[in-house]
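Student: Shown below is the structure under consideration.
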Amino acid sequence: MLKPIKLAKRNFLSSLDISTTELIYILDLAKKLKNKVTNIEYKNKVLGLIFDKSSTRTRVSFQVAMSRIGGTTIDLNPTTSQIGRGEPIKDTARVLSSYCDLIAIRTFNHSDLEEYAKWSTKPVINALTDLEHPCQALADFLTIKEEFQDFRKVVLTFIGDGNNVANSLILCGALLGVEVRIACPKGFLPNPFVIKRAREIYKNDNLLKIIHDPQIAVNGANVLYTDVWSSMGEEKQKEQKDKEFDGFTIDTDLVSRATQDAIVLHCLPAYRDKEITDKVIESKNSRIFEQAENRMHVQQALLSCLLS
Ligand code: CP
Ligand code: NVA
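At position 25 of the sequence shown (counting the first as 1) the number is 642 in the numbering used here, and the numbers step up by one without a gap.
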């Protein structure tokens, strides 16, 4: 049985909470777990799940990942717990961490996640905030590694809103030395602190580019990636954002401008004929459902390391 790298008592709030070595280790362990060449057990461990926003993949992949290592999850619905009635995070965090071994949280403000982490006595995992989605990025880079093996030869073009998913792709990409291009409309840039930190890690300004023309951004790209134009919590801006992102749809024409072996990724859920066409989702280039499956494998690896 492979012994997971020790990340005990560490939080995973950001892609930057692990080193390049730890990241590569988690991806390798995830692949071994996926191929069933290793098996890890943490019997009776409990992961608490707090989701202030909807989720299909993150919730279920955490539940299945915990059950695969012999543990269990408790899904805390904010509306039926005291969380929805305004109990302070510092009280909830102290109480829940005295019952659970880990807590995964999906919420709006990243500062609320940090508040949970400050008061929790057990590791806290970011299951998505408005700033980052680091568990998603683990699955994305496992999917890329399965296809291209050598990260340093990969050009990843993200086409869409420069928010949580893009921010974590940038940071993880920087740790792995992947060239990342963000193609976004002018008002939808990634977080400036994320860009600054990524540039410090890359030590090469050419490896992170912000481009406003998707057709230029996909030239020579091996991976095309998109996300919804209107994220959870932005429902009222939907009509306006649909207009702002006009021209940023991944369609067969855009895919044909990338490299011949280019793959297409999407974190899901997808809005067909907005950020991506049905034809591309269902095309031979798509690795979208492999990517979704990989959420479970990388999270199983991550949980194992955080429990070690
Ligand atoms: N990609 C992702 O996080 O999906 P869910 O919102 O369904 O969890
Ligand atoms: N940017 C999207 C990601 C969904 C997984 C959102 O925050 O809704």
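The beta-carbon is built from N, C-alpha and C at its ideal position, and this holds for glycine as well.
Among all the DSSP beta bridges, which residues are the ones paired with Tyr842?
Tutor: Phe775, Leu882
Student: Is Ser684 a contact residue of the ligand NVA, with contact defined as CB to any heavy atom under 6 Å?
Tutor: no
Student: State buried or exposed for Val797, treating a residue as buried only when at least 16 other CB atoms are found within 10 Å of its CB.
Tutor: buried
Student: Check each candidate in Ser847, Leu759, Ile742 and name the one with the smallest Cα separation from Arg904.
Tutor: Leu759
Student: Return yes when the Cβ of Pro751 is within less than 7 Å of the Cβ of Ser785, no when it is not.
Tutor: If you check the CB distance, Ser785 and Pro751 come in under 7 Å.
Student: Here's the rule I'm using: 16 or more other beta-carbon atoms within 10 Å means buried, otherwise exposed. How should Gly779 be labelled?
Tutor: buried
Student: Checking 7 Å against the spacing of the C-beta atoms, do Glu772 and Gly837 come in under that value?
Tutor: First, the amino acid is wrong: residue 772 is Val here, not Glu. For Val772 and Gly837, yes; Cβs fall inside 7 Å.
Student: Which of helix, strand or coil does DSSP assign to Asp692?
Tutor: strand
Student: For Asn977 and Thr673, what's the separation of their Cα atoms in angstroms?
Tutor: Since the first residue of the chain shown is 618 and the last is 925, residue 977 is not available in this structure.
Student: Going by the C-beta, is Leu730 closer than 6 Å to any heavy atom of the ligand CP?
Tutor: no
Student: Tell me the DSSP secondary structure of Asn743 in three-state form.
Tutor: strand
Student: Just mark Thr738 as buried or exposed, buried being the case when its beta carbon has 16 or more other beta carbons within 10 Å.
Tutor: Thr738 comes out exposed.
Student: What number of angstroms, rounded off, separates the C-alpha of Glu764 from the C-alpha of Val712?
Tutor: Take the alpha-carbon of Glu764 and the one of Val712: they are about 43 Å apart.
Student: What is the rounded straight-line gap between the Cα of Leu788 and the Cα of Glu704?
Tutor: 33 Å
Student: Let's test the definition: count the other Cβ atoms within 10 Å of the Cβ of Phe810 and tell me whether it reaches 16, buried, or not, exposed.
Tutor: By the neighbour-count rule (16 or more Cβ atoms within 10 Å), Phe810 is not buried but exposed.
Student: Would you check if there are 3 or more beta carbon pairs closer than 8 Å linking the stretch 654-674 to the stretch 631-642?
Tutor: no
Student: Can you find the residues in the same chain that come closer than 7 Å, C-beta to C-beta, to Leu806, ignoring five residues on each side of it along the sequence?
Tutor: The beta carbon of Leu806 lies closer than 7 Å to those of Gly779, Ile827 in the same chain, with the five residues before and after it left out.
Student: With a threshold of 6 Å, establish whether the CB of Cys884 neighbours any heavy atom of the ligand CP.
Tutor: yes
Student: Just the Cα atoms here: how many angstroms apart are Ser671 and Ala834?
Tutor: 31 Å
Student: Out of Gln832, Leu792, Leu841, which one is the CA nearest neighbour of Leu824?
Tutor: Leu792
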